[in-house]
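Below is one structure, written out as structure tokens; comments come after it.
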Amino acid sequence: MSVRIGIDLGGHTLTAALVSDARAGAPPEIARMETRTTPEGRGVVDIMDAMADIAARLAEGADVSFIGVAIPGMLDSDRRHSRRLPNFPAEWNDLDVPGALGEALAARHMAAGINIENDANCYALGEGRAGEAIGAENFVVFTMGTGIGCGIVTGGRLLTGAHGMAGEGGHLVVGGSAPCGCGGMGHSETLAAADGTSARALSKGLPADFSELWAMRENPDAGEVIETTLDAMARAIASVCHMLDPEMVIIGGGMSRAAGIKEALRERAIPYLSRPFKETLDLRISRLGNVAALYGAAGISLINP
Ligand SMILES: [Zn+2]
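Spelled out as structure tokens, the structure:
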């Protein structure tokens, strides 16, 4: 049986999984998985070596036809080069990732088709292949973590845009003029992501950790910090609904695990929505969590072929 490998390249961890193909009526499944610490310095040679090493180990005794890599940054529209990875050294700029990984694999006498995709897009593809959006052709996934990631599937295809940059839902303009790390201002990520939320919490002497903050949201100061987070996210959700009319909006990432956050976001998004969209809003929480991007990466070649 042919299997695929999905790799999720993170700034701190490198995770890979051997994923079976979907078969009639059954979603793909992770057969084996391995996580390592991302090599210090995040250099290209070290990371390619680590990825090839994990792939070779996972591939033992299996017929691996394809390797997909989830990349934490923007990619060229041809999905061959990483443009710029915010938390990685400059040698990743305009890097031929499949070429570099292919060489590292060849050194281990291994070959496979290799594709890359943005990590938040992989997360969305994963929810579509094996998670909350199975069977859906129009959906948006937001990941609420250190930053806000986003992936959009419309008409059954991943939306990539004219320059390969579509789906940057963390940079939806939600109001205000706070500068965003991306160079713009007033973006959802600045207010709704864990980093921005922590900074506001710390300035009030509250815990930086979101789950701790969430647990004390009855406290007026904590409630105010959280309200800003939820309001920015609700504006982002309402805006994508108006623009794309999705079947569902899925919230993933570490912050989505806070009990009751779906209901809290829904309550705040409704007033921003025009009447027909109030009725169609189907807000959900990611089913796959941390492994969503692995399922998506393994399936990159199956969508937008
Ligand atoms: Zn931004």
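In terms of my numbering, the sequence shown opens at residue 1107 and continues consecutively.
For every residue, glycine included, the Cβ atom is placed at its ideal position computed from N, Cα and C.
Since the structure is predicted, the reported quantities are computational estimates derived from the model, not experimental observations.
Between which residues of its own chain and residue i is the CB-CB distance below 7 Å, once the five residues before and five after are set aside?
{"i": "LEU1312", "result": "LEU1319, ASP1327, ALA1328, VAL1331"}
{"i": "GLY1208", "result": "ILE1220"}
{"i": "ASP1152", "result": "PRO1145"}
I need the boundaries of the beta strand (DSSP E) containing residue i, first residue and last residue.
{"i": "ILE1169", "result": "As written in the sequence, residue 1169 is Asp, which differs from the Ile given in the question. Taken as a continuous stretch (DSSP letters only), the beta strand (DSSP E) holding ASP1169 covers 1169-1177."}
{"i": "GLU1318", "result": "Careful: GLU1318 lies outside any beta strand (DSSP E), inside the alpha helix (DSSP H) at 1316-1321."}
{"i": "ASN1224", "result": "1219-1224"}
{"i": "ASP1114", "result": "1108-1115"}
{"i": "MET1154", "result": "Where MET1154 is concerned, there is no enclosing beta strand (DSSP E), although the alpha helix (DSSP H) it sits in stretches over 1150-1164."}
{"i": "GLU1140", "result": "1136-1143"}
{"i": "GLY1257", "result": "1254-1260"}
{"i": "PHE1245", "result": "1245-1250"}
{"i": "ARG1390", "result": "1389-1391"}
{"i": "GLY1147", "result": "Looking at the DSSP string, GLY1147 is not in any beta strand (DSSP E), and its letter there is neither H nor E."}
Between residue i and ligand 1, is there a pair consisting of the residue's CB and a ligand heavy atom that are separated by less than 7 Å?
{"i": "CYS1256", "result": "no"}
{"i": "GLY1290", "result": "yes"}
{"i": "CYS1286", "result": "yes"}
{"i": "HIS1293", "result": "yes"}
{"i": "HIS1269", "result": "no"}
{"i": "HIS1215", "result": "no"}
{"i": "HIS1277", "result": "yes"}
I'd like the list of long-range same chain contacts for residue i, defined as Cβ closer than 6 Å, with 5 residues on each side in sequence excluded.
{"i": "GLU1223", "result": "ILE1406"}
{"i": "ILE1343", "result": "VAL1355, ALA1375"}
{"i": "ALA1268", "result": "none"}
{"i": "ILE1391", "result": "ILE1357, SER1362, LYS1368"}
{"i": "THR1121", "result": "ASP1114, THR1141"}
{"i": "ALA1299", "result": "GLY1253, ILE1254"}
{"i": "VAL1246", "result": "ILE1258, VAL1346, PRO1352, VAL1355"}
{"i": "VAL1203", "result": "SER1188, ILE1222"}
Here's a check: name, in chain order, each residue in its chain whose Cβ is nearer than 8 Å to the Cβ of residue i, leaving out the five neighbours to either side.
{"i": "ASP1315", "result": "SER1304"}
{"i": "VAL1109", "result": "LEU1124, VAL1125, SER1126, ASP1127, ALA1137, ALA1168, ASP1169, VAL1170, SER1171"}
{"i": "ALA1213", "result": "ALA1158"}
{"i": "ALA1307", "result": "PRO1313, ALA1314, LEU1319, ALA1328, VAL1331"}
{"i": "ALA1272", "result": "ILE1258, LEU1265, THR1266"}
Would you kindly work out how many angstroms separate the C-alpha atoms of residue i and residue j, rounded to a whole number?
{"i": "ALA1284", "j": "HIS1277", "result": "12 Å"}
{"i": "ALA1340", "j": "TYR1378", "result": "8 Å"}
{"i": "ARG1186", "j": "ASN1221", "result": "7 Å"}
{"i": "ASP1142", "j": "HIS1118", "result": "The amino acid occupying residue 1142 in the given sequence is Arg; Asp does not appear at that position. One C-alpha to the other measures close to 9 Å."}
{"i": "ASP1388", "j": "GLU1373", "result": "12 Å"}
{"i": "ASP1225", "j": "ASP1200", "result": "17 Å"}
{"i": "PRO1134", "j": "GLU1233", "result": "11 Å"}
{"i": "ALA1161", "j": "THR1386", "result": "42 Å"}
{"i": "ALA1236", "j": "GLY1261", "result": "18 Å"}
{"i": "ALA1217", "j": "GLY1402", "result": "20 Å"}
{"i": "PRO1411", "j": "ARG1263", "result": "Residue confidence is low: PRO1411 scores 48 on pLDDT, short of 50, so the model does not pin down where it sits. Its coordinate-derived value is still stated next. When rounded, the distance between both Cα atoms is 9 Å."}
{"i": "GLY1253", "j": "ALA1210", "result": "30 Å"}
{"i": "ALA1132", "j": "LYS1384", "result": "33 Å"}
{"i": "HIS1293", "j": "LEU1350", "result": "19 Å"}
{"i": "LYS1310", "j": "MET1322", "result": "13 Å"}
Determine the extent of the alpha helix (DSSP H) in which residue i is found, giving its start and end residues.
{"i": "ALA1307", "result": "1300-1309"}
{"i": "ALA1403", "result": "1398-1404"}
{"i": "ARG1372", "result": "1367-1375"}
{"i": "ALA1340", "result": "1326-1350"}
{"i": "VAL1203", "result": "1203-1212"}
{"i": "THR1121", "result": "Not the alpha helix (DSSP H): THR1121 falls in the beta strand (DSSP E), residues 1119-1126."}
{"i": "ARG1381", "result": "1381-1386"}
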